[in-house]
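Undergrad: The structure follows.
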Amino acid sequence: MSQSKKQPSLFDLNVEKILDHWGVPEAVREVIANALDEQALSGTAEPKIVKRRDGWHVTDFGRGLRYQHLTQNESLEKRRKADLVVGKFGVGLKDALATFDRRGIDVSIRSPHADITLRQAAKSNFADVKTLHAAVAPPSEPKRRGTDFALRGLTDGDMAAARDYFLRFAGDEELERTDLGSILKRREGEPARIYVKGVRVAVEEQFLFSYNITSTTAQLQRALNRERTNVGRTAYQDRVKAILLKARSTSVVDEIARDLPRIQQGTNHDEINWVEVQEQAVRILAARGKTIFLTSQQLLTMGSTVQEARQDGYKLVFIPDKMLARLPGLRDVNGDPILDLSGFVKVWNASFVYSFVDPTRLTRAERETWGILPQLISLAGDHAKRVQEVRISKTMRLDEGAYETEGVWDSPYIVVKRSVLDSPRHLARVVLHEIAHASSGANHGNLAFMAAIDDLAGLAAVEAVGASRPSGGSGRARRGASSRSRGDA
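Here the sequence shown is numbered in numbering that gives the first Met the number 0, starting from 0 and rising by one per residue.
Right, dumping it as structure tokens:
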């Protein structure tokens, strides 16, 4: 007579409550995560996820599951080697088994240590209370390598949803890897994904990138251990920010740069609201050759300078007004100053070379205008005694407003831009203005300069009405008279 088969031992899973918001994909995710953890800890082959006649199978090739592993807490080994494993997220393996039972998924587990199935049985000392137990039988394959989870009744859709939780199966494109985690390309038309050690824990509608956090913080780890399907942003925001601040790749920094101008319209992604991220992007971009940072408003008010910068081969990066104000205190990643439009004006002027025009090559109309120059010099009298020559240039230095100035006193010469030869009045205004600078030796707004301007205006008025100059009079204005004229003005 053959010996009767030994009855399996019952191990109470002590599931105090079943989380209604956990579905089948989340339970399968826990099974897959355990298989991946065992691969990492034992250094064995990649787990297999295959569909057979009897259902879906998740198989690893590690040391084999024991019934003692069906406990609420993670094993000490996983805690000691947390950098290698996914670990627990929300619920543990026994809670996943309870979810399978509640959702009608038949589970059988085979390992070299035991065959395990699920069964409702009376709770010890409480015959009228039935709870979920693991039915633990001797192994049917004591020489097998690893553990096989057979899930009967699991739909292809639920398995696809479970696999999609894992970065290795989801296939997100990695843009850059840092020691804290990776920056991933956001999928077109989908929310950004937040992975922790390769497992998706949250989605973000307004993030520019997806992320895989490989180095967790205590706050993030606590959030992972809570019984919820998604982790809140506060748990991982600091880690995401730290990963972004380590980014150096063109693909990442250029995406941030494209998002910077959108801050003014409120259409930017959420990471770009972090000032540290804005600054880091600016610092990296500034070190990549000829780059100028400006605001959209400056494009309207300083258009000629912007055009000059473009012609000189500078790349223009638009930034928010607040970031423009922070530029003077920043340096690029090489420690060099960061160039805005005012800095470009200084650089441009420092390297400026006049493009002089021979008066004999002027057009007929320009020569007629140029012909009044001797009269202007004569009219200015002593004011013009420091002026050795007036020259014409195609190009001029940029003024404080970042526009090409029409004239400049560049001792001992006055240089005028060729465009002022469009009329005698235009030329006269510019030449007399620069003679005032030569005479006073002062800049705009200075009393001496204004006195010289006043006196030149008086001389021109007297000349215009045909009156003669006072005999022995000096061409230089009296400071007191100039002050009264300024007051009258």
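Even for Gly, the Cβ is constructed at its ideal location relative to N, Cα and C. Everything numeric in this text was worked out from a predicted model, so none of it was measured.
Based on the DSSP secondary-structure assignment, which residues constitute the bridge partners of Q220?
TA: Bridge partners of Q220: none, in fact.
Undergrad: Please work out which residues of its chain come closer than 6 Å, Cβ to Cβ, to A441, disregarding the five sequence neighbours upstream and downstream, and give them in chain order.
TA: Answer for A441: A447 and F448, listed in chain order.
Undergrad: When you compare only the Cα positions, how much space is there between V49 and D157?
TA: Cα to Cα, V49 sits roughly 14 Å from D157.
Undergrad: Give me the Cα-Cα distance between D381 and D320, rounded to the nearest whole angstrom.
TA: Whole-angstrom Cα-Cα distance: 48 Å.
Undergrad: Find out if the Cβ-Cβ distance for the pair A435, L455 is shorter than 9 Å.
TA: Yes. Within cutoff.
Undergrad: Which whole runs of the alpha helix (DSSP H) in the segment 344–427 are 4 residues long or more, in chain order?
TA: Complete alpha helix (DSSP H) runs here, min 4: 363–369 and 372–379.
Undergrad: DSSP three-state call for F168: helix, strand or coil?
TA: Of the three classes helix, strand and coil, the one that applies to F168 here is helix, per DSSP.
Undergrad: Should S310 go down as buried or exposed, given a rule of 16 or more other Cβ atoms within 10 Å for buried?
TA: Note that residue 310 is Gln in the sequence shown here, rather than Ser. Burial call: exposed.
Undergrad: Output the distance between the C-alpha atoms of Q279 and R151, rounded to the nearest integer angstrom.
TA: Roughly 52 Å separates the two Cα atoms.
Undergrad: Count the other CB atoms within 10 Å of the CB of F317; is the residue buried (16 or more) or exposed (fewer)?
TA: Buried, because 16 or more other Cβ atoms sit within 10 Å of the Cβ of F317.
Undergrad: For T304, does the count of other Cβ atoms within 10 angstroms reach 16, so buried, or fall short, so exposed?
TA: Buried: at least 16 other Cβ atoms inside 10 Å.
Undergrad: Buried or exposed for G312, please, with buried defined as at least 16 other CB atoms from any protein chain shown within 10 angstroms of its CB.
TA: The residue is exposed, with fewer than 16 neighbouring Cβ atoms inside 10 Å.
Undergrad: What residue range does the beta strand (DSSP E) around D127 cover?
TA: Here the beta strand (DSSP E) through D127 covers F125 to A136.
Undergrad: If the criterion is Cβ atoms closer than 9 Å, does the pair L117 and A134 meet it?
TA: In this structure, A134 lies closer than 9 Å to L117 by Cβ.
Undergrad: Could you tell me the distance, in whole angstroms, from the CA atom of G486 to the CA atom of G328?
TA: Note that G486 scores a pLDDT of 28, beneath 50, so its modelled location is shaky and nothing firm can be said.
Undergrad: Run the CB neighbour count on V202, radius 10 Å, all protein chains shown included, and call it buried at 16 or more, exposed below.
TA: Classification for V202: exposed.
Undergrad: If I follow the unbroken alpha helix (DSSP H) through G457, where does it start and stop?
TA: G457 -> alpha helix (DSSP H) spans L446 to A463.
Undergrad: Once DSSP output is grouped into helix, strand and coil, what is the label at H56?
TA: Correct three-state label for H56: strand.
Undergrad: Below 8 Å on the Cβ atoms is my contact criterion, and I expect T70 with I108 to pass it. Report the Cβ-Cβ distance as a whole number of Å.
TA: Contact doesn't hold; Cβ gap of about 15 Å is too wide.
Undergrad: Which same chain residues end up closer than 7 Å to Q205 when comparing Cβ atoms and leaving out the 5 residues on each side of it in sequence?
TA: Excluding positions up to five away in sequence, the list reads H268 and D269.
Undergrad: Could you say which of L375, R417 and V281 lies nearest to K384 if we only look at CA atoms?
TA: For K384, the nearest C-alpha among the options comes from L375.
Undergrad: Evaluate the contact criterion for the segment 362–375 versus the segment 421–434: three or more CB pairs, one atom per stretch, below 8 Å.
TA: Segments in contact, yes.
Undergrad: When DSSP labels each residue in this structure, what does N333 get in the three-state scheme?
TA: Looking at N333 - three-state DSSP - the assignment turns out to be coil, as it is neither helix nor strand.
Undergrad: Rounded to whole angstroms, what's the CA-CA distance from I492 to E172? Just pull it up for me.
TA: Limits of the chain in this structure are 0 at one end and 488 at the other, which puts residue 492 out of reach.
Undergrad: Under a Cβ-count criterion, where at least 16 other Cβ atoms within 10 Å of its own Cβ denotes burial, should G89 be classed as buried or exposed?
TA: Annotation note: pLDDT 48 at G89 (below 50); position unreliable, coordinate value reported separately. Looking at its Cβ environment, which holds 16 or more other Cβ atoms inside 10 Å, G89 is buried.
Undergrad: In chain order, what residues of the same chain have a beta carbon less than 6 Å from the beta carbon of F514, not counting five sequence neighbours either side?
TA: There is no way to answer for residue 514, as the model of the chain reaches only from 0 to 488.
Undergrad: For V415 and R390, what's the separation of their Cα atoms in angstroms?
TA: Their Cα atoms are separated by approximately 6 Å.
Undergrad: Under the three-state reduction of DSSP, which class applies to I104: helix, strand or coil?
TA: Here I104 sits in coil by DSSP.
Undergrad: Is it right to say Q2 is buried, meaning 16 or more other beta carbons lie within 10 angstroms of its own, or is it exposed?
TA: Here Q2 scores only 43 on pLDDT, less than 50, and its place in the model is too uncertain to base an answer on.
Undergrad: Can you find at least 3 beta carbon pairs, one from the segment 121–141 and one from the segment 41–59, that sit closer than 8 Å?
TA: No, the segment 121–141 does not touch the segment 41–59.
Undergrad: Write down the C-beta distance between F148 and V14 rounded to the nearest angstrom, noting that I regard them as a contact closer than 8 Å.
TA: The pair is not a contact, with the Cβ atoms about 18 Å apart (cut-off 8 Å).
Undergrad: Ends of the beta strand (DSSP E) at T116?
TA: From DSSP, the beta strand (DSSP E) with T116 extends over D114 to K122.
Undergrad: Just checking my contact of S350 with T394 at CB under 8 Å: how many whole Å lie between their CB atoms?
TA: Their Cβ separation, rounded to whole angstroms, is 12 Å, which puts S350 and T394 out of contact at 8 Å.
Undergrad: Helix, strand or coil: which one does DSSP assign to I262?
TA: Reduced to three states, the DSSP call for I262 is helix.
Undergrad: Would you kindly report the start and end of the unbroken beta strand (DSSP E) that includes M326?
TA: In the sequence as displayed, the identity of residue 326 is Leu instead of Met. No beta strand (DSSP E) contains L326, which DSSP labels as neither H nor E.
Undergrad: Could you work out which residue in V27, V407, I283 and S248 is closest to G54 when comparing CA atoms only?
TA: Nearest C-alpha to G54: V27.
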